[in-house]
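Asker: Here it is, the structure in full.
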Amino acid sequence: MNQLTRGVEVMAGLCLAIVTVVIFASAIGRYLFAYPIPDSFDIARLLLGITVMWGFAVLGFSGRHITVDLLAEAVRPAFRRAIDVFAQAVLLLFSVLLAWKIFSRLASAYASHEATFDLRLPVWPFIGIIWIGALMAVAMAMLRFGMLAAGRQASPISPSENIHD
Amino acid sequence: AELRLAHWLPPQHTLQTTGFEPWIKSISDASGGKVTMTIFPAQQLGSATDHYDMARDGIADITFVNPGYQPGRFPIISAGELPFMVTNAKGGSKAFDSWYRAYAEKEMADVHVCMAFVQDPGTIHSREAMRVPGDIKGKNIRPAQATMGSYVNLLGGASVQVPAPEAREVIARGAADAITFPWDSVYLFGVDAVTKHHIDMPLYTTTFVMAMNKASYEGLADDERKVIDDHCTSEWAEKISAGWADQEASGREKALSQKDHTVYKPTAEEMNAWKESAKPLTDKWHEQVKAAGGDSEAIFSAFKSALAAEKALAE
Amino acid sequence: MTSLDWIAIGGFVALFAMLAFRVPIGVAMSLVGVGGFAVVAGWKPALNQLAISPLRTITDYNLSLIPMFVLMGVFATHSGMSRELFRAGQAWLGQLRGGLALATISACAGFAAISGSSVATAATMSNVALPEMRRFGYSDKLATGVIAGGGTLGILIPPSVVLAIYGYITEQDVGKLFIAGIIPGLVAVLMYMACVYVAYWKHLPPGAKVSGSERLQSLKGIWAVALLFIAIIGGIYAGVVTPTEAAAAGAFLTALIGILRGRLNTRRIMESLVEALTTSVAIYTILIGAMLFNYFLVITQTPQKIAAFLVHLDLGPYPTLWLILGFFLLMGCILDAMAMVILLVPIVFPVITQLGFDPIWFGIIVVMTVELGLITPPIGMNVFVINSINKDVSLVTIFKGIIPFVITDLLRLILFVAFPAIVMFLPNSM
Ligand code: NA
Ligand code: NA
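Protein chains in written order, with the working numbering: chain A, 97 to 261; chain B, 3 to 317; chain C, 13 to 442.
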């Protein structure tokens, strides 16, 4: 299980690195060699989509989404745990709906021959990897839900880990 | 029936004020107020690229679609994007609509296609003078649509794909040497400050479709559906696009009248060179349509004769 | 009230109920958005929004600068740049009375110049500056107040994730927004320093002597930050790079500098990537939710009606502006800064432009307003972060310490509302 969560994390992190390099290299290519990398625009944004969806899976397990903690901080620990189980169940429901609908989007992209702008690469394999990320998100959210429901803290939660703005 | 019309242009755009609004009013009047439409402009209900799917899925009842946003998905209609075909948007739209009606049901089977029309022809606007196809070689160009992107690559240039708001920036700082745009868009997007050279030829058009959700269309009462049918015609395709066409065409007059702008009219020989250089795109179009199971020769000649009948075919 | 109005109100009630029960903000907005859309337009179209919209959001090229600016800040933190900034501040301001507080503010500003996030700025400075200030006898109230306040510079001084998102939502030039943040950022630094002297003069410990060589030495540490800022923000100002390219270059160069100076190894790079990923995806989740929630609001015509209502009140531009800002300040007490911009800006922006305010200027005003939310009770992210890093300083102490800075921020807000020209000078010169 640890290996699975770590694997998802590494996959998403590497994708982020690749997106950065693609955009940087494309800018360099444009300035230094007056030649942009073909399809860098489409490839960067599709890789970004993969990054975010696999990252969404990471957050489904780590619980580091942005939340309003006002009520949770004010109530007894037992009630707080109930709140967390409920919130995780809602996240799980959302992940399931998302995975389901992205699959229909994948099917539509496969059937319709959508392609990238320059090289006319088919788009569906990228959406396919995004969809697998969505499946991972369901798995991760379910793992954490199981742990919270069993009364175990899936991972420490403190505001310092919610660094986002 | 109360219908939602979604598009992705700003609400003050000419197409809304001189196209959609009169069209909606006419529908409402003809139906005695029974069919009304609310406009959702500016991507309010979804991204520009997704407007076909939005009509298919019923997110809006009727949407304004640019099929070229999804290269490869609608091969037949992309004939409208081929270089040096359409000379003006008014007759061009009427011809385009009457031609595409025969194929719409098959190619856009998920929706009810109400009408199809084209944008006023655009051309190349550049920082340095460009006159012949060879001038594209080694240049970075922001293409208007995917077919133009392929054309630029074909001529040995590189297509620079950036969002429209960044287009000016990219040209201003020299990362792109030219842009393909309809005439007045050069002024609307403020590119006229940097691109002072224009080639006077009908290089390309962009195609559009008004797509209706099937269930919304079929769910209309008979008299309501008749009103919609009466407003989904080739005549309306011309009417709805006319105001926008006039506006874009006015940009050419503006450029001609400005001393610091050069509008170059290619010679007959140069025009032939341009057309010859674009031939592989037409070949590729034939290939794609054939691969999708269409009789590309017949479809193409039907398109040409439709354009010729409306005096909108480039000679 | 029409039935659409009641559906919209029901949507807001459902949203706040889910938020209270700690459902992630983005997820709550998504589900209420889809549910509300279904009530108006039916389930099939509503669920299909889920097939179309989230995918469009996560594959939007225009948003790619967000994870990369976040990544840049994380790399900067992991390669020790915040410590060097504080050292330099200490070397140059340390001999003054209360010098460490001033050094902290300047270090916050310096870190803000390479990081897009306020909370990250506050977090890294609590690790670096707080122990030093405590060692030299600064009260906890003052020390934490300075860091919480100084941290808010993170989203005002470019690069800024909040400004980037504002630009995305309102279709404004992100480069211009960034450049517009520079002068207000510098004014904020001076006003915070003045605030330290005015509010805490009696409690300020004396300065410590610093030698000339120490000062020169300190500059060696911060060349990287200066170089990055000039390359990134200078490049945007000169129009040499787009903000997206600047973000990619910034992340790449910061990592490169960290590697060359031996501060980043493979393990740390991987940690940085995952950290930046976590932060960015948390933002993306809200963006996904905001789009879906917004489709629901639009289909009920809510933003149009609110705009019409505000215009119909006919209070005149400035009272309407203050009404809006007052609402933002109120919401800032409970809502996350990012969530606020994403949720509220689309609703009020049409009104603002209708009233004739400059959209770039309003972006800066919005950032300064949501900034306040980061340090006001009961929910103030900067305060929570400092508290979680230093458990022995109570939340109440920090909130008390921050009061003078909140007042300073309000004065600054009034200043820039009154004199928009100060904000617009640099972007207008681009
Ligand atoms: Na910053
Ligand atoms: Na607050």
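All C-beta atoms in this analysis are idealised placements derived from N, C-alpha and C, irrespective of residue type, glycine included.
Are residue 262 of chain C and residue 81 of chain C close, meaning C-beta to C-beta below 8 Å?
Answerer: yes
Asker: Let me know the secondary structure DSSP gives residue 226 of chain B once reduced to three states.
Answerer: In the structure shown, residue 226 of chain B sits in a helix (DSSP, three-state: H, G or I).
Asker: Could you tell me which residues DSSP pairs with residue 182 of chain B in its beta bridges?
Answerer: B:126.
Asker: Per DSSP, what kind of secondary structure is residue 207 of chain C in: helix, strand or coil?
Answerer: helix
Asker: So, does the stretch 205-214 of chain C touch the stretch 109-124 of chain C, judging by three or more C-beta pairs under 8 Å?
Answerer: yes
Asker: Which chain F residues are close to residue 192 of chain B, counting only those with a beta carbon under 9 Å from its beta carbon?
Answerer: Within the model displayed, chain F is absent; protein chains A, B and C are what it includes.
Asker: Using 8 Å as the Cβ pair cut-off and three pairs as the minimum, do the stretch 264-273 of chain B and the stretch 145-158 of chain B touch?
Answerer: no
Asker: Please list the terminal residues of the continuous beta strand (DSSP E) segment that includes residue 116 of chain B.
Answerer: 113-120
Asker: Cβ-heavy atom distance between residue 60 of chain B and ligand 1 below 7 Å?
Answerer: no
Asker: Any beta carbon of chain C sitting closer than 8 Å to that of residue 11 of chain B?
Answerer: Closer than 8 Å: no.
Asker: Return the chain-ordered ranges of every alpha helix (DSSP H) run that is complete within the stretch 324-369 of chain C and spans a minimum of 4 residues.
Answerer: 329-344, 349-366
Asker: Would you kindly work out how many angstroms separate the C-alpha atoms of residue 57 of chain C and residue 201 of chain A, rounded to a whole number?
Answerer: 13 Å
Asker: Rounded to whole angstroms, what's the CA-CA distance from residue 32 of chain C to residue 346 of chain C? Just pull it up for me.
Answerer: 10 Å
Asker: Ordered along the chain, which non-local residues of its own chain (more than five positions away) have a Cβ less than 6 Å from that of residue 186 of chain C?
Answerer: 176, 179, 255, listed in sequence order.
Asker: Using only the alpha-carbon positions, how far apart do residue 235 of chain B and residue 241 of chain B sit?
Answerer: 10 Å
Asker: Going by alpha carbons, who is nearest to residue 294 of chain B out of A:150, A:241, A:243, A:208?
Answerer: Nearest of A:150, A:241, A:243, A:208 to residue 294 of chain B, Cα basis: A:208.
Asker: Whose Cβ in chain A lies nearer than 8 Å to the Cβ of residue 30 of chain C?
Answerer: 186
Asker: Please check the pair residue 143 of chain A and residue 118 of chain A, which I expect to be a contact at CB under 8 Å, by giving their CB distance rounded to whole angstroms.
Answerer: 7 Å
Asker: What are the residues that DSSP puts in a beta bridge with residue 218 of chain A?
Answerer: A:211
Asker: Quick check on residue 164 of chain C: does DSSP put it in helix, strand or coil?
Answerer: helix
Asker: Using beta-carbon positions only, say whether residue 179 of chain B and residue 215 of chain B come within less than 8 Å of one another.
Answerer: Cβ distance not < 8 Å, so residue 179 of chain B and residue 215 of chain B don't count as in contact.
Asker: Taking C-alpha atoms, which residue in B:190, B:8, B:114 lies nearest to residue 246 of chain B?
Answerer: The candidate whose alpha carbon is nearest that of residue 246 of chain B is B:190.
Asker: What do you reckon, is the C-beta of residue 166 of chain C under 7 Å from a heavy atom of ligand 1?
Answerer: yes
Asker: To which residues of the same chain is residue 135 of chain C closer than 7 Å at the C-beta, ignoring the five residues directly before and after it?
Answerer: 397, 401
Asker: Grab me the residues of residue 229 of chain C's own chain with a C-beta within less than 8 Å of its C-beta, minus the 5 sequence neighbours each way, in chain order.
Answerer: 103
Asker: Determine, using beta carbons only, whether residue 170 of chain B and residue 193 of chain B come nearer to each other than 8 Å.
Answerer: yes
Asker: Closer than 8 Å, CB to CB, is residue 259 of chain A near chain C or not?
Answerer: Its pLDDT being 43, under 50, residue 259 of chain A is placed unreliably in this model, and the coordinates cannot settle the point.
Asker: In three-state DSSP terms, what is residue 200 of chain B?
Answerer: strand
Asker: Between residue 172 of chain C and ligand 1, is the CB less than 7 Å from at least one heavy atom?
Answerer: yes
Asker: Take residue 222 of chain A and list the residues in its own chain whose beta-carbon comes closer than 6 Å to its own, dropping the five residues that flank it on each side.
Answerer: 142
Asker: Thinking residue 344 of chain C and residue 38 of chain C are a contact (beta carbons under 8 Å), I'd like their distance in whole angstroms, please.
Answerer: Residue 344 of chain C to residue 38 of chain C, Cβ: 18 Å. No contact.
Asker: Quick check on DSSP: helix, strand or coil for residue 41 of chain C?
Answerer: Helix.
Asker: Could you check which residue in B:206, B:162, B:33 has the C-alpha nearest to that of residue 125 of chain A?
Answerer: B:162
Asker: For residue 243 of chain C, is the beta carbon positioned less than 7 Å from some heavy atom of ligand 1?
Answerer: no
Asker: Keeping to the same chain, check which residues put their C-beta closer than 7 Å to that of residue 106 of chain C; ignore five residues upstream and five downstream.
Answerer: 112, 115, 219, 220, 222
Asker: Is there a Cβ from chain A that is less than 8 Å from the Cβ of residue 189 of chain C?
Answerer: no
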